[in-house]
Structures are given as C-alpha cells and as structure tokens.
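First comes the structure, then the notes that go with it.
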Amino acid sequence: MRLLALETGATVLGAALFEDGRPARQVHQRAPQRQTELLAPLVQGLLGAAAWTFNSLDVLACAVGPGSF
Numbered sequence: 005m006r007l008l009a010l011e012t013g014a015t016v017l018g019a020a021l022f023e024d025g026r027p028a029r030q031v032h033q034r035a036p037q038r039q040t041e042l043l044a045p046l047v048q049g050l051l052g053a054a055a056w057t058f059n060s061l062d063v064l065a066c067a068v069g070p071g072s073f
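Per the working numbering, residue 5 is the first one in the sequence shown, and the count goes up by one each step.
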C-alpha cells in the first residue's frame with residue numbers, strides 16, 4: 005500500500021511517502037503562512053523523486069490541527 009502523509013499545521017510544511025508501512029521519501033520546508041502556495045509543488049516534486057504518480061497512491065493522510073488545511 006502506498007500512502008502520502010501531509011503536515012501543514014505549523015511553520016514547517018512536510019510530506020512523506022510510505023510503501024507497505026515503511027518510509028520511502030520525505031521532504032519538509034519552512035513555510036510560515038505559505039502552505040497553500042507551496043503544498044502542490046512540494047507534493048509533485050516528492051512524487052516525481054520517488055517515480056510515483058498521484059494515481060498510484062492508495063491512501064492520503066493529513067494532520068488535523070491549526071493551519072490552512
């Protein structure tokens with residue numbers, strides 16, 4: 005199973021890919037109040053680096069907390 009995890013609730017924007025429960029790739033970027041503008045390119049770059057496509061994902065997970073999302 006392939007999972008994309010997102011964290012947008014703090015000043016650091018983060019995304020990670022997991023395959024069969026193990027971390028595959030991760031990226032984070034300091035982005036105070038810029039998560040909305042930076043999230044899509046960050047995810048696109050992460051998926052490209054792993055040679056995955058959005059359609060190859062089985063699960064999308066995100067943190068629930070303060071922030072834009």
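Ideal Cβ positions, reconstructed from N, Cα and C, are used throughout, including at glycine.
Query: With distances taken Cα to Cα, identify the nearest neighbour of Q48 among R34, F58, L10.; Result: F58
Query: In the structure shown, what three-state DSSP assignment does A37 receive?; Result: The sequence given here places Gln at residue 37; Ala does not occur at that position. The answer is coil: DSSP assigns Q37 none of H, G, I, E or B.
Query: Report the three-state DSSP secondary structure of A44 (helix, strand or coil).; Result: helix
Query: Compute the Euclidean distance between the alpha carbons of L17 and A55, then round it to the nearest angstrom.; Result: 21 angstroms
Query: Indicate the three-state DSSP secondary structure (helix, strand or coil) for G18 in the structure shown.; Result: strand
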